[in-house]
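Residue numbers are given in this note's numbering: position 52 of the sequence shown equals residue 419, and the series is strictly consecutive. Yeah, the Cβ is synthetic: ideal placement off N, Cα and C, and Gly gets one too. Quick caveat: nothing in here was measured; it's all calculated off a predicted structure.
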Amino acid sequence: MRQPSAWAIIHGGKVVENRSLGSIRAGRMVPGRICIHAATGLKEDEFRYLHWRLAQHGVTCPRPDTLIRGAIIGTVEVTEIITESDSEWFGGEAGLLLSNPKAIDPIPASGALGYFVWTRGQNFAPVKPWMRRFDRANADMATGELFPDAQPSYKEPPQRPWRKG
(Lines of atoms letter the chains of each structure in order from A and count residues from 1; the text may use other names and numbers.)
(Lines give C-alpha, C1' and ligand atoms only; values in the text may rest on other atoms or scores of the structure.)
Protein backbone atom coordinates (compact mmCIF):
# COMPACT_ATOMS: atom_id res chain seq x y z
CA MET A 1 0.00 0.00 0.00
CA ARG A 2 1.08 3.56 -0.52
CA GLN A 3 2.61 5.71 2.15
CA PRO A 4 1.62 7.15 4.54
CA SER A 5 -1.14 4.51 4.95
CA ALA A 6 1.43 1.75 5.46
CA TRP A 7 3.16 3.82 8.15
CA ALA A 8 -0.19 4.60 9.82
CA ILE A 9 -1.03 0.90 10.12
CA ILE A 10 2.26 0.13 11.84
CA HIS A 11 2.77 3.35 13.86
CA GLY A 12 -0.36 5.51 13.73
CA GLY A 13 -3.25 3.41 15.02
CA LYS A 14 -4.92 2.77 11.66
CA VAL A 15 -7.07 -0.31 12.33
CA VAL A 16 -8.94 -0.65 9.02
CA GLU A 17 -7.49 -0.89 5.53
CA ASN A 18 -10.31 -0.06 3.12
CA ARG A 19 -10.69 -2.10 -0.04
CA SER A 20 -13.42 -3.03 -2.48
CA LEU A 21 -14.90 -6.51 -2.18
CA GLY A 22 -13.57 -7.21 -5.67
CA SER A 23 -10.00 -6.34 -4.69
CA ILE A 24 -10.29 -8.46 -1.54
CA ARG A 25 -11.42 -11.46 -3.62
CA ALA A 26 -8.88 -10.86 -6.41
CA GLY A 27 -6.08 -10.39 -3.89
CA ARG A 28 -7.04 -13.57 -2.01
CA MET A 29 -7.19 -11.54 1.20
CA VAL A 30 -8.16 -13.60 4.25
CA PRO A 31 -7.61 -13.25 8.00
CA GLY A 32 -4.13 -14.01 9.29
CA ARG A 33 -0.80 -12.34 9.97
CA ILE A 34 0.56 -10.43 6.96
CA CYS A 35 3.52 -8.24 6.11
CA ILE A 36 2.90 -4.58 5.35
CA HIS A 37 4.61 -3.45 2.14
CA ALA A 38 5.11 0.27 1.53
CA ALA A 39 4.79 0.76 -2.23
CA THR A 40 7.44 2.57 -4.26
CA GLY A 41 4.97 4.89 -5.95
CA LEU A 42 3.70 8.06 -4.34
CA LYS A 43 2.49 11.24 -5.97
CA GLU A 44 2.36 14.58 -4.21
CA ASP A 45 -1.44 14.92 -4.51
CA GLU A 46 -1.89 11.46 -2.97
CA PHE A 47 0.44 12.29 -0.10
CA ARG A 48 -1.26 15.65 0.61
CA TYR A 49 -4.67 13.98 0.74
CA LEU A 50 -3.47 11.15 2.98
CA HIS A 51 -1.52 13.57 5.20
CA TRP A 52 -4.68 15.64 5.68
CA ARG A 53 -6.84 12.52 6.15
CA LEU A 54 -4.56 11.11 8.85
CA ALA A 55 -4.66 14.46 10.69
CA GLN A 56 -8.46 14.08 10.82
CA HIS A 57 -7.82 10.95 12.90
CA GLY A 58 -5.36 12.72 15.18
CA VAL A 59 -2.32 11.14 13.54
CA THR A 60 0.73 13.32 12.85
CA CYS A 61 2.18 12.05 9.62
CA PRO A 62 5.94 12.08 9.01
CA ARG A 63 7.40 14.12 6.17
CA PRO A 64 7.33 12.26 2.83
CA ASP A 65 11.13 12.28 2.50
CA THR A 66 11.42 10.29 5.75
CA LEU A 67 8.94 7.54 4.87
CA ILE A 68 10.51 4.33 3.60
CA ARG A 69 9.06 3.16 0.28
CA GLY A 70 9.65 -0.06 -1.64
CA ALA A 71 9.96 -2.19 1.48
CA ILE A 72 8.34 -4.46 4.01
CA ILE A 73 8.00 -2.23 7.10
CA GLY A 74 6.13 -4.44 9.56
CA THR A 75 3.49 -7.06 10.16
CA VAL A 76 -0.12 -6.90 11.29
CA GLU A 77 -2.91 -9.35 12.09
CA VAL A 78 -5.92 -9.25 9.75
CA THR A 79 -8.66 -10.38 12.13
CA GLU A 80 -11.70 -10.04 9.88
CA ILE A 81 -13.00 -8.87 6.51
CA ILE A 82 -15.69 -6.27 7.25
CA THR A 83 -18.42 -4.56 5.23
CA GLU A 84 -19.59 -2.20 7.96
CA SER A 85 -17.99 -0.65 10.99
CA ASP A 86 -18.26 2.26 13.42
CA SER A 87 -14.49 2.77 13.22
CA GLU A 88 -13.40 6.26 12.18
CA TRP A 89 -10.98 4.49 9.81
CA PHE A 90 -13.72 2.66 7.89
CA GLY A 91 -14.91 4.40 4.76
CA GLY A 92 -15.75 2.18 1.89
CA GLU A 93 -17.37 -0.93 0.62
CA ALA A 94 -15.23 -3.28 2.69
CA GLY A 95 -12.07 -3.43 4.71
CA LEU A 96 -9.52 -5.50 6.51
CA LEU A 97 -9.83 -5.20 10.29
CA LEU A 98 -6.29 -4.98 11.70
CA SER A 99 -4.68 -5.54 15.09
CA ASN A 100 -1.34 -6.11 16.80
CA PRO A 101 0.99 -4.21 14.42
CA LYS A 102 4.71 -4.90 14.76
CA ALA A 103 7.36 -2.69 13.20
CA ILE A 104 10.47 -4.31 11.75
CA ASP A 105 13.69 -2.95 10.32
CA PRO A 106 12.64 -2.20 6.72
CA ILE A 107 13.48 -4.84 4.12
CA PRO A 108 13.72 -3.67 0.49
CA ALA A 109 11.19 -5.62 -1.58
CA SER A 110 9.14 -5.27 -4.75
CA GLY A 111 5.39 -5.21 -4.31
CA ALA A 112 2.31 -6.52 -6.09
CA LEU A 113 -1.44 -6.12 -5.77
CA GLY A 114 -3.23 -8.21 -3.15
CA TYR A 115 -1.46 -10.74 -0.99
CA PHE A 116 1.83 -11.82 -2.57
CA VAL A 117 4.99 -13.74 -1.78
CA TRP A 118 7.81 -11.23 -1.54
CA THR A 119 11.54 -11.57 -1.95
CA ARG A 120 14.30 -9.33 -0.63
CA GLY A 121 15.26 -6.54 -3.00
CA GLN A 122 18.35 -4.37 -3.28
CA ASN A 123 17.26 -0.79 -2.57
CA PHE A 124 14.51 1.35 -1.11
CA ALA A 125 12.70 3.75 -3.43
CA PRO A 126 14.64 7.02 -3.83
CA VAL A 127 13.34 10.29 -2.43
CA LYS A 128 11.75 12.51 -5.10
CA PRO A 129 12.46 16.27 -5.23
CA TRP A 130 8.88 17.24 -4.23
CA MET A 131 9.27 15.20 -1.04
CA ARG A 132 12.14 17.36 0.19
CA ARG A 133 10.18 20.60 -0.28
CA PHE A 134 6.78 19.24 0.85
CA ASP A 135 6.09 21.58 3.76
CA ARG A 136 8.56 24.33 2.99
CA ALA A 137 7.00 27.73 2.37
CA ASN A 138 7.52 28.59 -1.29
CA ALA A 139 9.78 25.52 -1.48
CA ASP A 140 12.39 27.56 0.43
CA MET A 141 14.53 25.04 2.30
CA ALA A 142 15.74 27.69 4.77
CA THR A 143 12.26 28.76 5.90
CA GLY A 144 11.41 25.31 7.20
CA GLU A 145 14.39 25.40 9.52
CA LEU A 146 12.68 28.13 11.58
CA PHE A 147 9.70 25.90 12.40
CA PRO A 148 10.86 22.29 12.02
CA ASP A 149 7.89 20.80 13.90
CA ALA A 150 5.18 22.83 12.18
CA GLN A 151 2.72 20.75 10.24
CA PRO A 152 1.29 22.00 6.94
CA SER A 153 -2.14 23.55 7.29
CA TYR A 154 -4.97 23.29 4.79
CA LYS A 155 -7.50 26.05 4.16
CA GLU A 156 -9.64 23.42 2.46
CA PRO A 157 -9.31 19.65 2.43
CA PRO A 158 -7.12 18.45 -0.44
CA GLN A 159 -9.05 16.86 -3.29
CA ARG A 160 -9.24 13.10 -3.13
CA PRO A 161 -6.86 11.92 -5.88
CA TRP A 162 -8.61 8.61 -6.59
CA ARG A 163 -11.92 7.97 -8.25
CA LYS A 164 -14.73 6.77 -6.05
CA GLY A 165 -15.70 3.14 -5.99
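Query, Result
"Sorted by chain position, which residues of the same chain lie with C-beta nearer than 6 Å to L388's C-beta, five sequence neighbours on each side aside?", "E460, A461"
"When the Cα atoms are used, what is the spatial distance from K381 to P398?", "17 Å"
"Are the CB atoms of P431 and P371 within a distance shorter than 9 Å?", "yes"
"Let me make sure I understand the geometry here. Which of R395, G379, P473 has the alpha-carbon closest to that of F483?", "R395"
"Is I440 near I377, with beta carbons less than 9 Å apart?", "yes"
"Reducing DSSP to helix, strand and coil, say where L464 ends up.", "strand"
"Look at the alpha carbon of V443 and the alpha carbon of V494, and state the distance between them as a whole number of angstroms.", "26 Å"
"Just list the residues that DSSP pairs T442 with in beta bridges.", "C402, K469"
"Check whether the Cβ atoms of L464 and L434 lie closer than 9 Å to each other.", "no"
"Taking the straight line between their C-alpha atoms, what separation do you get for R369 and L421?", "13 Å"
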